[in-house]
Amino acid sequence: MSNSKLFLISIIVLLACFITNTYSAPTVSNSVESDQTSADINSDFESEEGLSPLELAAKRKWVKNFPGTNYKWRSKCRSWKVWHRREWRTLTSRQQKKYTDAIKCMFTKTALTTPNAPGARHRFDDFCSVHIRQTDHIHLVGHFLPWHRLMMSVFEEYLHAECGYDGGIPYWDWSLDAGITEFPNSPVFSPTGFGGNGDYIPVDPSNTTGVFFPGRTGGGCVKDGPFVGLNINVGPGNSTAYNPHCISRDLVPDLSLALTPQNVNFTLSKPDFYHFDYYLQGEDFFRTGFNFSEFGVHGAGHFVIGGTLGSMGSQYSSCSDPTFYLHHAQIDRLWWLWQMQNPSVRLTEIGGPIDPVPLFGPVPTPTRNVTLDFPIDLAELTAPWNITVGDMMNTVGGPLCYDYI
Numbered sequence: 205m206s207n208s209k210l211f212l213i214s215i216i217v218l219l220a221c222f223i224t225n226t227y228s229a230p231t232v233s234n235s236v237e238s239d240q241t242s243a244d245i246n247s248d249f250e251s252e253e254g255l256s257p258l259e260l261a262a263k264r265k266w267v268k269n270f271p272g273t274n275y276k277w278r279s280k281c282r283s284w285k286v287w288h289r290r291e292w293r294t295l296t297s298r299q300q301k302k303y304t305d306a307i308k309c310m311f312t313k314t315a316l317t318t319p320n321a322p323g324a325r326h327r328f329d330d331f332c333s334v335h336i337r338q339t340d341h342i343h344l345v346g347h348f349l350p351w352h353r354l355m356m357s358v359f360e361e362y363l364h365a366e367c368g369y370d371g372g373i374p375y376w377d378w379s380l381d382a383g384i385t386e387f388p389n390s391p392v393f394s395p396t397g398f399g400g401n402g403d404y405i406p407v408d409p410s411n412t413t414g415v416f417f418p419g420r421t422g423g424g425c426v427k428d429g430p431f432v433g434l435n436i437n438v439g440p441g442n443s444t445a446y447n448p449h450c451i452s453r454d455l456v457p458d459l460s461l462a463l464t465p466q467n468v469n470f471t472l473s474k475p476d477f478y479h480f481d482y483y484l485q486g487e488d489f490f491r492t493g494f495n496f497s498e499f500g501v502h503g504a505g506h507f508v509i510g511g512t513l514g515s516m517g518s519q520y521s522s523c524s525d526p527t528f529y530l531h532h533a534q535i536d537r538l539w540w541l542w543q544m545q546n547p548s549v550r551l552t553e554i555g556g557p558i559d560p561v562p563l564f565g566p567v568p569t570p571t572r573n574v575t576l577d578f579p580i581d582l583a584e585l586t587a588p589w590n591i592t593v594g595d596m597m598n599t600v601g602g603p604l605c606y607d608y609i
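Now the structure itself:
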């Protein structure tokens, strides 16, 4: 071989070594440009394993220094930041356990709301205490859906920032389990899910402070699953005084017949926000003397789990049961589905009264209607951010960054 050829080969080898040494171990900056457009790193819902340091930094940037800063004013939602909310049964067993473990983690974090909710002892209490205190102003009103979207989103962020959860809040499509025999056998109520019913406790229909539901099957503390033995310290009912108690369930399978695909489609068919929200909340159920054919999917989803004595059956403290978040993720998903039918109009369409509609009697003509600039908050959990209904309209805009699949 000639000397010139040997020299050329040597040069090529040297260049290859230089390229390999230069690019095989890139230095990762601590900051990530907000215009990052890498593949959706959250599509691996199960874990952060396999992500590069750059991808990890990108994924975690938007929760940096949380809580206490940057929820309202974080950078614009990008495709690689979107948290995907999935139906519970589509998750792997590992993903399901990650979520229930994150919920249990919330029971270990010191409460932030104790000055105004003296019973609160942990972060799960915090969210429930806010719901209890605001219940009279966030139900049967036009801002019912935006307020609960805010609650779900902030709860999701706390799961990420304080408990290391790496996915979106799952939802429970209860229409897949509608049926008297199907409902109690839903995977949601399995021991590896959220646990099942409580022991049956007899109730005198003429002497109960709640709504009596024929066909109720429980009432006692949950007997299996990840939340056995955990105490809620606020409630039950309209109280934030210290009162430790278990998570209780009183399943009413008959009520699942109000959660059928037909009822869901009926709700989604409403042509404007006012009527969509009105039927979703099920206001006619109370006004027609507890006519179960008028039960909206929101109320039915609560009482089918909570019945007469269970945690989910309380308008105030239904947030005591972790299934509250599965259910309200589904309610938020229905709103999202309704919006996506005509997003150019419905992402800004809001309406309904500011003052709660009375449960009984004729529906009054509202004197004050909700608008996009109407303020909403979660008390101590969102102070001092200034949040409006308009901020909650688009799940991938403003301070929100999630979708449903």
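In the numbering used here, the protein residues as written are 205 to 609. In this text, a Cβ means the ideal position worked out from N, Cα and C, and glycines have one as well. Note that the structure is a prediction, hence the values are computed from the model and not measured.
Exposure label - residue i; buried when at least 16 CB within 10 Å
| i | result |
| --- | --- |
| F348 | buried |
| G621 | Only positions 205 to 609 of the chain appear in this structure, which leaves residue 621 out of reach. |
| I307 | buried |
| P406 | exposed |
| M544 | exposed |
| R325 | buried |
| A445 | exposed |
Supposed contact pair residue j and residue i - C-beta distance, whole angstroms, cut 8 Å
| i | j | result |
| --- | --- | --- |
| E584 | L354 | Their Cβ separation, rounded to whole angstroms, is 14 Å, which puts E584 and L354 out of contact at 8 Å. |
| C332 | I451 | Contact flag wrong, Cβ pair sits at about 11 Å. |
| V286 | D607 | 6 Å |
| G346 | D481 | 7 Å |
| V593 | V574 | 6 Å |
| T527 | F398 | 5 Å |
| R453 | T512 | That belief does not hold up - the Cβ atoms of R453 and T512 are roughly 11 Å apart, past 8 Å. |
| C281 | L604 | 7 Å |
| L291 | D370 | With the sequence shown as reference, residue 291 is identified as Glu, and Leu is not the correct amino acid for it. With a Cβ gap of about 18 Å, E291 and D370 do not count as contacting. |
| D428 | G400 | 6 Å |
First and last residue of the uninterrupted alpha helix (DSSP H) at residue i
| i | result |
| --- | --- |
| R282 | Segment: none, R282 is in no alpha helix (DSSP H) and carries neither H nor E. |
| C450 | From DSSP, C450 is part of no alpha helix (DSSP H); its letter is neither H nor E. |
| G505 | V501 to G510 |
| Y478 | F477 to Q485 |
| S521 | Neither: S521 is in no alpha helix (DSSP H) and is coded neither H nor E. |
| R420 | Per DSSP, R420 belongs to no alpha helix (DSSP H) and is neither H nor E. |
| P547 | P547 to R550 |
Enclosing beta strand (DSSP E) for residue i [first to last residue]
| i | result |
| --- | --- |
| D607 | Y606 to Y608 |
| V468 | Per DSSP, V468 belongs to no beta strand (DSSP E); it is in the alpha helix (DSSP H), P465 to L472. |
| Y404 | G402 to Y404 |
| P426 | A small correction: the amino acid at residue 426 is Val; Pro does not occupy that position in the sequence shown. Its beta strand (DSSP E) spans residues G423 to V426. |
C-beta atoms of residue i and residue j nearer than 8 Å
| i | j | result |
| --- | --- | --- |
| S390 | D403 | no |
| P457 | F387 | yes |
| P395 | Y303 | no |
| G555 | F470 | no |
| D517 | H506 | It is Gly, not Asp, that sits at residue 517 in the sequence shown. Result yes, Cβ atoms of G517 and H506 sit closer than 8 Å. |
| R337 | Y362 | no |
| I558 | P350 | no |
| G503 | G486 | yes |
| G372 | H479 | no |
| H352 | C523 | no |
| V508 | L455 | yes |
Original post:
Which full runs of the beta strand (DSSP E) of 3+ residues lie inside the region 272-360, going along the chain?
Top reply: 287-289
Subject >> Any alpha helix (DSSP H) of 4 or more consecutive residues that is wholly inside the region 358-403 >> reply: none
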